[in-house]
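Below is one structure, written out as structure tokens; comments come after it.
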Amino acid sequence: MPQPRPAASARTADRRAAPPHAPAPHSRPQGGAAPPGRPRTLDPVQELHDAPLAPLTTLRLGGPADRLVTAVTDAEVVDAVREADDSGTPLLVIGGGSNLLIGDKGFAGTALRIATRGFELDGTRLELAAGEVWSDAVARSVEAGLAGIECLAGIPGSAGATPIQNVGAYGQEVSSTITHVVAYDRLDRTTVTIPNAECDFSYRNSRFKQHPDRYVVLRVVFELEDAGGLSAPVKYAETARTLGVEPGDRVPAATARETVLKLRAGKGMVLDPEDHDTWSAGSFFTNPILPNEAYAAFVARAQERLGADVTPPAWPVGADRTKTSAAWLIDKAGFTKGYGTGPARISTKHTLALTNRGGATTEDLLALAREVVAGVELAFGVTLVNEPVAVGVEV
């Protein structure tokens, strides 16, 4: 039975100024440069020089930025972007830092940390500022009894990153609920509203990812479902098995969210500062999508290596392509859970996560990633593609 909940027609809004972990600005006398590593207030934007970036990423890796600006309003975001563009300064946009791999030398330019806040629920319409913590937004939508993003619980990062990657897990993708995205267009130098149909969403891809230097996401608007407190139909087989239901069934949205959180935690995919398996960027590689002919060649190679009765995972993508599992490829190529001896290793809980065990450098992680890519290609003829955005380095 649906659990009691607030009426979905109620309108709620929350426009907090800054996240709890944002460093407090410090004033200084007018004139002169701020000392390295010390913040100064640009009224109202906060600025730091020679600023560490590793603490702003879930991998906890990477060198400093020449300059770090923290923006807490859309106007501050736009102003910072325009300033960088006008001066020809390289710009790195940082949200939750869950999809960033920053080189050990850091970033020679301005890093813009988007710390905007805004959660506005009007019936089934949900508008999120780009800096909203995604997992918190999912929890609040479920508390309101709405369905559509409950299986995306526990995904680290900010709301503004979700349309860029077309974030998805456990049978849901944000592309199925996003109505439009508000972004700053650096080419046209204007704020634009881009409807879902023009976002070019596909598997872990979008218009925003295809043009990474053009758009800076400001707000994301979703249309959720009021199903009387129930979830959207459960699509993912593992979720359905854990819930004890059939695919297509609905369960209380809160139950679906709690189940997904448990599944993710069991794979080290819910952030925990005490658990080095979560010092990662989540899934480091995307699931390969192969033309059917290439998939058939891969299956033949897998059976030659592992036995004629082996059937690799397969999900049709349209009529002429097939998606397979990166985790399966990595494991069967010999890179099992916990693989590695140095400070960067494969998670002990999930082969798709490359982790910082403490004291790792970006180069340590890159060496591991390259070893995995080369090993999978040698074993199966399939080239893995990294999911995190690499800054100043190449996998």
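Each residue of the sequence shown is one higher than the one before, starting from -15 at the first, in the numbering used here.
Every residue gets a Cβ at the ideal spot worked out from N, C-alpha and C, and that includes glycine.
None of the values given here were measured: they were computed from a predicted structure.
Just reading off the alpha helix (DSSP H) that residue i is part of, what are its end residues?
i           : result
residue 279 : 276 to 290
residue 257 : Neither: residue 257 is in no alpha helix (DSSP H) and is coded neither H nor E.
residue 177 : Looking at the DSSP string, residue 177 is not in any alpha helix (DSSP H); the run it does join, the beta strand (DSSP E), is 174 to 179.
residue 223 : 221 to 227
residue 311 : 310 to 316
Give me the Cα-Cα distance between residue i and residue j, rounded to the nearest whole angstrom.
i           : j           : result
residue 20  : residue 351 : Caution applies to residue 20, whose pLDDT of 37 falls short of 50 and renders its modelled position unreliable; the value that the coordinates give is listed next. Each residue's Cα considered, the two are about 31 Å apart.
residue 33  : residue 317 : 44 Å
residue 165 : residue 372 : 21 Å
residue 85  : residue 374 : 5 Å
residue 213 : residue 101 : 26 Å
residue 250 : residue 172 : 45 Å
residue 54  : residue 135 : 30 Å
residue 96  : residue 363 : 41 Å
residue 308 : residue 30  : 45 Å
residue 147 : residue 162 : 8 Å
residue 125 : residue 178 : 23 Å
residue 38  : residue 333 : 23 Å
residue 72  : residue 36  : 22 Å
residue 56  : residue 76  : 16 Å
residue 123 : residue 137 : 7 Å
residue 276 : residue 63  : 47 Å
residue 341 : residue 263 : 7 Å
residue 326 : residue 109 : 47 Å
residue 376 : residue 227 : 43 Å
residue 157 : residue 252 : 20 Å
residue 244 : residue 209 : 19 Å
residue 198 : residue 354 : 29 Å
residue 288 : residue 361 : 15 Å
residue 331 : residue 356 : 13 Å
Quick one: what does DSSP say residue i is sitting in, helix, strand or coil?
i           : result
residue 350 : helix
residue 124 : helix
residue 78  : strand
residue 368 : coil
residue 264 : coil
residue 273 : strand
residue 360 : helix
residue 193 : helix
residue 339 : strand
residue 61  : helix
residue 145 : helix
residue 37  : coil
residue 250 : helix
residue 68  : helix
residue 112 : strand
residue 130 : strand
Bridge partners of residue i, per DSSP?
i           : result
residue 236 : 214
residue 98  : 55
residue 381 : With the chain represented from -15 up to 379, any question about residue 381 goes unanswered, as that position is not in the structure.
residue 244 : In DSSP, residue 244 forms no bridge with anything.
residue 319 : According to DSSP, which records beta bridges pairwise, residue 319 is partnered with nothing at all.
residue 48  : 36
residue 91  : 49
Residue i lies in the beta strand (DSSP E); which residues open and close that run?
i           : result
residue 108 : From DSSP, residue 108 is part of no beta strand (DSSP E); its letter is neither H nor E.
residue 206 : 199 to 207
residue 299 : 299 to 301
residue 84  : 84 to 86
residue 162 : 162 to 169
residue 306 : 305 to 307
residue 327 : From DSSP, residue 327 is part of no beta strand (DSSP E); its letter is neither H nor E.
residue 117 : Where residue 117 is concerned, there is no enclosing beta strand (DSSP E), given that its DSSP letter is neither H nor E.
residue 374 : 373 to 375
With distances taken Cα to Cα, identify the nearest neighbour of residue i among the options.
i           : options            : result
residue 43  : 75, 306, 259, 152  : 259
residue 188 : 235, 370, 94       : 370
residue 282 : 144, 181, 365      : 365
residue 242 : 256, 345, 159, 223 : 223
residue 103 : 341, 342, 181, 115 : 115
residue 254 : 192, 140, 240      : 140
residue 46  : 92, 72, 144        : 92
residue 151 : 277, 175, 168, 190 : 190
residue 270 : 149, 121, 303, 233 : 149
residue 169 : 343, 200, 130, 231 : 200
residue 378 : 88, 296, 193       : 88
residue 153 : 119, 128, 184, 181 : 119
residue 266 : 65, 59, 343, 339   : 339
residue 304 : 248, 280, 106      : 280
residue 69  : 94, 330, 205       : 94
residue 204 : 194, 159, 238, 218 : 159
residue 335 : 310, 355, 193, 354 : 310
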